[in-house]
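Everything below concerns the one structure shown next.
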Amino acid sequence: MKKNRGLKKIILCLCLVPAVTLTLVITVLSLRGMQKGMEEEVQLGLKMLANSAKASLGNMDEGEYCLKGDQLYKGELNLSGKQDVIDSLVETTDAELTIFYDDTRYLTTIRDDNGEPIIGTATSDEIYQTVVKEGNIYTSKDVVINGKDYYGCYI
Numbered sequence: 605m606k607k608n609r610g611l612k613k614i615i616l617c618l619c620l621v622p623a624v625t626l627t628l629v630i631t632v633l634s635l636r637g638m639q640k641g642m643e644e645e646v647q648l649g650l651k652m653l654a655n656s657a658k659a660s661l662g663n664m665d666e667g668e669y670c671l672k673g674d675q676l677y678k679g680e681l682n683l684s685g686k687q688d689v690i691d692s693l694v695e696t697t698d699a700e701l702t703i704f705y706d707d708t709r710y711l712t713t714i715r716d717d718n719g720e721p722i723i724g725t726a727t728s729d730e731i732y733q734t735v736v737k738e739g740n741i742y743t744s745k746d747v748v749i750n751g752k753d754y755y756g757c758y759i
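Per my numbering, residue 605 is the first one in the sequence shown, and the count goes up by one each step.
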């Protein structure tokens, strides 16, 4: 009788160990797939927001973007004086929006600890090279601005 119990335990272990291992592997792979899908969805949403903001600002004045002193203009329209417009573009999202000219942040919804927009800061060399010099879109799930982590999409 004791031999049967030992044999039953061995057979049970031979069945359970692979089943538990397979369950763990499937769970890990499923979680990775879900995470990747969610990250892709976030990046798609950011691209859509960035393109929408670009189109909205592009329609505000027919002129070119330029600097007059430390102010960013679109034609004759002083965009630096339109913080409310930038804020309104993201008010129904959890996203932040920044408008760069060359490598410098001139408008943003990202605030410092005092609630002031973080302007006048530069983007990284990698982002500048990819977007401004090469004309490509730059996306990342690891953008740090003012000590905070963000997903980023630069167009």
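Every residue, glycine too, gets a C-beta built ideally from N, C-alpha and C.
For residue i, which of the options has the nearest alpha-carbon?
i: residue 707; options: 729, 642 and 633; result: 729
i: residue 696; options: 754, 653 and 759; result: 653
i: residue 572; options: 702, 726 and 666; result: Residue coverage of the chain in this structure runs from 605 to 759, which leaves residue 572 outside it and unanswerable.
i: residue 640; options: 745, 750 and 753; result: 745
i: residue 753; options: 737, 700 and 633; result: 700
i: residue 661; options: 673, 687 and 747; result: 687
i: residue 736; options: 714, 704 and 647; result: 704
i: residue 667; options: 658, 609, 698 and 681; result: 681
i: residue 717; options: 725, 751, 698 and 734; result: 751
i: residue 658; options: 610, 647 and 690; result: 690
i: residue 727; options: 612, 749 and 615; result: 749
Note down the Cα distance separating residue i from residue j, rounded to an integer number of angstroms.
i: residue 625; j: residue 649; result: 36 Å
i: residue 723; j: residue 635; result: 38 Å
i: residue 617; j: residue 742; result: 50 Å
i: residue 758; j: residue 731; result: 8 Å
i: residue 632; j: residue 645; result: 20 Å
i: residue 713; j: residue 637; result: 31 Å
i: residue 715; j: residue 630; result: 42 Å
i: residue 647; j: residue 698; result: 13 Å
i: residue 674; j: residue 642; result: 39 Å
i: residue 623; j: residue 609; result: 21 Å
i: residue 669; j: residue 719; result: 27 Å
Which whole-angstrom value describes the C-beta separation of residue i and residue j, a residue pair presumed to lie in contact below a C-beta threshold of 8 Å?
i: residue 664; j: residue 678; result: 6 Å
i: residue 747; j: residue 756; result: 4 Å
i: residue 709; j: residue 734; result: Not confirmed; about 16 Å, so no contact.
Should residue i and residue j be called a contact, given that it needs their Cβ atoms to be closer than 8 Å?
i: residue 711; j: residue 692; result: no
* **Contiguous beta strand (DSSP E) assignments of at least 3 residues, all confined to the segment 636-715** => Here the runs fully enclosed are 669-672, 675-678, 702-705 and 708-712.
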